[in-house]
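So this note's numbering is basically just the index in the sequence shown, starting at one, shifted up by 411. Beta carbons are placed, not taken as given, at the ideal position from N, Cα and C, and that holds for glycine. Quick caveat: nothing in here was measured; it's all calculated off a predicted structure. The block underneath contains the structure these notes are about, expressed in structure tokens.
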Amino acid sequence: MESGDSNIIIHVISVLFNMSWQIFWPLAFGLILSSFIRHLLPVDTVVKHLGKTDAKSLTFTTILGMVSSSCSYAAASLSHTLLAKKATLANAMAFLVSSTNLIVEMFIVLVALMGWTFLWGEVIGGLILIATVGFLFSRFYPKEVEQELRQHIESAEPAKHAHSDCGMDMSSMKNETSDCGMDMSNMKHKTSDCGMDMSSVKHETSECGMDMSNMKPETSDCGMDMSSMKHETSDCGMDMSSMKHDHMDMPAQEETGLMSKITKSAGFFQMDLAMIGKEILIGVVVSSILIALVPQEGWKALFISNDVGLPTWLHSLLDVIIGIFVAMIAYVCSVGNLILAAALWHGGISFGGVIGFILADVLTIPMMGVYKKYYGKRPTKWMVGLLFLSILFTGLCVDAIFNGFGWVSTDQTVRTLNQSGFGMNMTTVMNLIFIPLSIWYYRLGKKANAGMGMSM
């Protein structure tokens with residue numbers, strides 16, 4: 412008995428290791444790409460192309476998604492980035508769908524495991540789903556809930572650190588009234604000096620991270636005798652005598668360098684992993700256990716036999732719903748998910764049920780945890796509900812189209828479900844690149860965030 416238990420554990424670990432190996436590089440690549448987009452992509456560019464929902468924006472979103480990611484966790488991060496950059500919710504959700512279901516890696520695995528029919532089913536289903544998501548989210552997602560979603564995103568955004576100002580948050584202060592923490596809103600710019608002599612203070616050198624270029628030397632000092640202060644050391648009351656005047660603008664100089672941009676982008680990468688890393692791990696482990704332990708006969712027990720005599724539409728509806736719910740509890744990542752999809756097809760699920768299962772990669776329990784952290788509880792409920800309806804409608808449409816034209820093969824044999832990813836192939840080469848790269852990038856981001864007091 413102990414030997415049998417040991418063999419089961421070894422088998423589960425083997426499946427877990429193989430699956431992790433297969434999905435590591437696309438996951439790392441997607442999250443790294445997301446971090447660069449979040450830091451470098453101008454807001455006005457996103458607003459220009461994705462700030463409204465129409466056929467043109469959905470087409471642009473679909474193409475952007477197809478070339479950007481192959482893992483739903485990474486895609487969730489990218490869609491979150493687009494929302495932070497003021498894209499519409501419908502466009503962000505369409506991107507989420509396209510970047511997980513209309514990608515080259517997925518197409519290759521689909522053909523290898525299940526044949527060309529499923530490839531075309533996935534392509535047609537993906538396009539139907541994008542159009543459906545665009546329609547439902549633009550018409551039926553409540554505006555007040557969307558406002559709540561965007562407020563949640565804004566509140567979670569890291570503090571902007573481009574303007575270092577002696578460790579003080581002065582983001583709400585206007586340059587013409589910046590006065591080291593004092594309220595000068597009622598003071599006139601040219602004449603108010605509170606009766607103090609600041610003749611020795613030159614406006615060019617008051618530094619504290621504030622722009623005082625518009626202030627004349629005789630302007631406000633609010634009752635403080637600053638005659639003894641040398642202009643080189645005006646620093647909001649902090650001892651900066653050890654700092655050379657010539658290097659006070661060092662942060663501004665660093666920002667122009669390529670390494671500074673990489674470092675700031677790495678900070679987003681580290682925060683993303685800190686936020687959703689647990690959900691990713693849960694998804695990988697659960698999916699591996701199900702693939703390793705549930706026999707094909709177990710999958711067959713989930714589905715309704717054709718001998719029951721239900722109407723075709725009802726049988727298809729139930730199979731698609733079952734496929735979606737199986738995906739919700741048994742999914743890891745878009746490409747790795749196809750192994751389990753092959754098991755479902757072999758177990759007897761309908762064609763539409765398989766497509767519904769594959770498309771539901773954005774509705775897994777771990778993914779819903781990611782949405783909740785990104786957007787809040789109520790916005791996530793609406794998001795999940797509309798995505799569920801969209802996927803259900805798409806699965807039914809695909810099943811009707813392919814069965815109606817007689818395109819579905821009756822041969823349900825598939826290749827070995829648990830295929831090893833090891834060997835000199837593309838997966839190995841890409842992992843050899845991205846494993847050390849992601850470790851270095853994560854450590855760089857952690858160090859950058861720790862330096863800003865945002866260690867997670």
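Note to self: DSSP three-state label for L848, please.
What the structure shows: If you number the sequence shown from 1, residue 848 lands on position 437. Helix, per DSSP.
Notebook entry, point to check: Under a Cβ-count criterion, where at least 16 other Cβ atoms within 10 Å of its own Cβ denotes burial, should T456 be classed as buried or exposed?
Noted result: On the sequence shown, residue 456 is found 45 positions in, with the first residue counted as 1. T456 comes out exposed.
Next item on the list: Please name the residue in F428, F845, F447, I769 whose C-alpha comes closest to that of L692.
Entry: Here the question's residue 692 lines up with position 281 in the sequence shown. The option with the nearest alpha carbon to L692 is F428.
Notebook entry, point to check: Beta carbon of L469, beta carbon of G545: below 8 Å?
Noted result: Residue 469 sits at position 58 when you count from the first residue of the sequence shown. Residue 545 sits at position 134 when you count from the first residue of the sequence shown. Yes, the pair counts as a contact, with Cβ atoms nearer than the cut-off.
Checklist line | Sequence-distant residues of the same chain with beta carbon closer than 6 Å to L530, five excluded per side | finding: In the sequence shown, counting from the first residue as 1, residue 530 sits at position 119. Only F518, L521, V522 meet the Cβ criterion.
Next item on the list: Have a look at A505, T543, I514, A498 and flag the residue whose alpha-carbon is nearest the alpha-carbon of G441.
Entry: One-based indexing of the sequence shown puts residue 441 at position 30. Considering only alpha carbons, the answer is I514.
Next item on the list: Quick one: give me the first and last residue of the alpha helix (DSSP H) that D730 is part of.
Entry: Start at 1 with the first residue of the sequence shown, and residue 730 comes out as number 319. Start and end: 723-741.
Next item on the list: Output yes or no for whether 8 Å exceeds the beta carbon distance between A752 and T775.
Entry: Working through the sequence shown from its first residue, we reach residue 752 at position 341. Working through the sequence shown from its first residue, we reach residue 775 at position 364. Contact: no.
Note to self: Tell me the rounded alpha-carbon separation between E533 and G796.
What the structure shows: To locate residue 533, count along the sequence shown from 1; it is residue 122. To locate residue 796, count along the sequence shown from 1; it is residue 385. The alpha-carbon atoms of E533 and G796 are separated by roughly 22 Å.
Notebook entry, point to check: Which one of L538, M430, G688, I424 has the shortest CA to CA distance from A485?
Noted result: Along the sequence shown, read from residue 1 onward, the residue named residue 485 stands at position 74. Of the listed residues, the one whose Cα sits closest to A485 is G688.
Next item on the list: Give the straight-line distance between the Cα atoms of K675 and G668, rounded to the nearest whole angstrom.
Entry: The count along the sequence shown starts at 1 and reaches residue 675 at position 264. The count along the sequence shown starts at 1 and reaches residue 668 at position 257. Using only the alpha carbons, I get a separation of about 11 Å.
Margin query: Is it buried or exposed, M837, if we count other Cβ atoms within 10 angstroms and call 16 or more buried?
Written below: Reading the sequence shown from its first residue, position 426 is the one you call residue 837. Counting Cβ neighbours within 10 Å, M837 comes out exposed, since fewer than 16 surround it.
Note to self: On the criterion of 16 or more Cβ atoms from any shown chain inside 10 Å, does W851 qualify as buried, or is it exposed?
What the structure shows: Residue 851 sits at position 440 when you count from the first residue of the sequence shown. Counting Cβ neighbours within 10 Å, W851 comes out exposed, since fewer than 16 surround it.
Item checked: Where K672 falls: helix, strand or coil (DSSP) -> In the sequence shown, counting from the first residue as 1, residue 672 sits at position 261. Reduced to three states, the DSSP call for K672 is helix.
Check: So, helix, strand or coil for Y484, using DSSP?
Finding: To locate residue 484, count along the sequence shown from 1; it is residue 73. Looking at Y484 - three-state DSSP - the assignment turns out to be helix.
Check: By how many angstroms is the C-alpha of R550 removed from the C-alpha of I733?
Finding: Residue mapping note: residue 733 aligns to position 322 of the sequence shown, counting from 1. Residue mapping note: residue 550 aligns to position 139 of the sequence shown, counting from 1. Whole-angstrom Cα-Cα distance: 27 Å.
Checklist line | Beta-carbon proximity of P790 to H563, cut-off 8 Å | finding: Residue mapping note: residue 790 aligns to position 379 of the sequence shown, counting from 1. Residue mapping note: residue 563 aligns to position 152 of the sequence shown, counting from 1. Their beta carbons are under 8 Å apart, which means P790 touches H563 by this criterion.
Note to self: I'd like to know if the region 471-479 and the region 495-507 are in contact, where contact means that at least 3 CB-CB pairs between them fall below 8 Å.
What the structure shows: yes
Next item on the list: Use the C-beta contact count for T543: other C-beta atoms within 10 angstroms, 16 or more gives buried, fewer gives exposed.
Entry: Locating residue 543 in the sequence shown gives position 132, counting from the first residue. Sixteen is the threshold: when 16 or more other Cβ atoms of the shown chains lie within 10 Å of the Cβ of T543, as they do, the residue is buried.
Checklist line | Inter-residue Cα distance where the pair is G526 and G709 | finding: Numbered from 1 along the sequence shown, position 115 holds the residue referred to as residue 526. Numbered from 1 along the sequence shown, position 298 holds the residue referred to as residue 709. Their backbone Cα atoms lie some 23 Å apart in a straight line.
Note to self: Tell me the DSSP secondary structure of P437 in three-state form.
What the structure shows: What you label residue 437 is simply residue 26 of the sequence shown in a count that begins at 1. Correct three-state label for P437: helix.
Checklist line | Beta-carbon proximity check, A754 vs H422, cutoff 8 Å | finding: Taking the first residue of the sequence shown as position 1, residue 754 is located at position 343. Taking the first residue of the sequence shown as position 1, residue 422 is located at position 11. For A754 and H422, no; Cβs fall outside 8 Å.
Next item on the list: May I have the straight-line CA-CA distance separating F679 from Y786, to the nearest angstrom?
Entry: Here residue 679 refers to the residue found at position 268 of the sequence shown. Here residue 786 refers to the residue found at position 375 of the sequence shown. Near 17 Å, if we compare the C-alpha coordinates of Y786 and F679.
Next item on the list: Take L725 as the anchor and find which of S801, L807, H460, V840 has the nearest alpha-carbon.
Entry: In the sequence shown, counting from the first residue as 1, residue 725 sits at position 314. When only C-alpha atoms are compared, the closest one is L807.
Next item on the list: Tell me where the alpha helix (DSSP H) around W527 begins and ends.
Entry: To locate residue 527, count along the sequence shown from 1; it is residue 116. Counting along the chain, the alpha helix (DSSP H) containing W527 begins and ends at 527-551.
Note to self: Relative to the C-alpha of G462, which candidate in S510, I434, A498, H491 has its C-alpha closest?
What the structure shows: Your numbering for residue 462 matches position 51 in the sequence shown. Taking only the C-alpha atoms, the option nearest G462 is A498.
Notebook entry, point to check: Are the Cβ atoms of I750 and A771 separated by less than 8 Å?
Noted result: Counting from 1 along the sequence shown, the entry for residue 750 is found at position 339. Counting from 1 along the sequence shown, the entry for residue 771 is found at position 360. Taking 8 Å as the Cβ cut-off, I750 and A771 do not qualify as a contacting pair.
Next item on the list: Give the single residue among G764, E555, K459 whose Cα lies nearest to the Cα of W793.
Entry: Looking up residue 793 in the sequence shown gives position 382. Checking every option, the nearest Cα to that of W793 belongs to E555.
Notebook entry, point to check: Would A712 be called buried (16 or more neighbouring beta carbons within 10 Å of its own) or exposed?
Noted result: Residue 712 sits at position 301 when you count from the first residue of the sequence shown. Label assigned to A712: exposed.
Margin query: Only counting the same chain, and skipping five residues up and downstream in sequence, which positions put a Cβ closer than 7 Å to that of K783?
Written below: Sequence index remark: in the sequence shown, residue 783 carries index 372 (1-based). Hits under 7 Å: T791.
Next item on the list: Kindly indicate which three-state DSSP category L489 falls into: helix, strand or coil?
Entry: Taking the sequence shown and counting its residues from 1, the one referred to as residue 489 is at position 78. In this structure, L489 counts as helix in the three-state DSSP scheme.
Next item on the list: Just tell me which of I766, A567, G764, V731 has its CA closest to the CA of D683.
Entry: For this step, residue 683 is matched to residue 272 along the sequence shown. With distances taken between Cα atoms, D683 lies closest to A567.
Next item on the list: Decide if S417 is buried, meaning its Cβ has at least 16 other Cβ atoms within 10 Å, or exposed.
Entry: Taking the first residue of the sequence shown as position 1, residue 417 is located at position 6. Of the other Cβ atoms in all chains shown, fewer than 16 fall within 10 Å of the Cβ of S417; this residue is therefore exposed.
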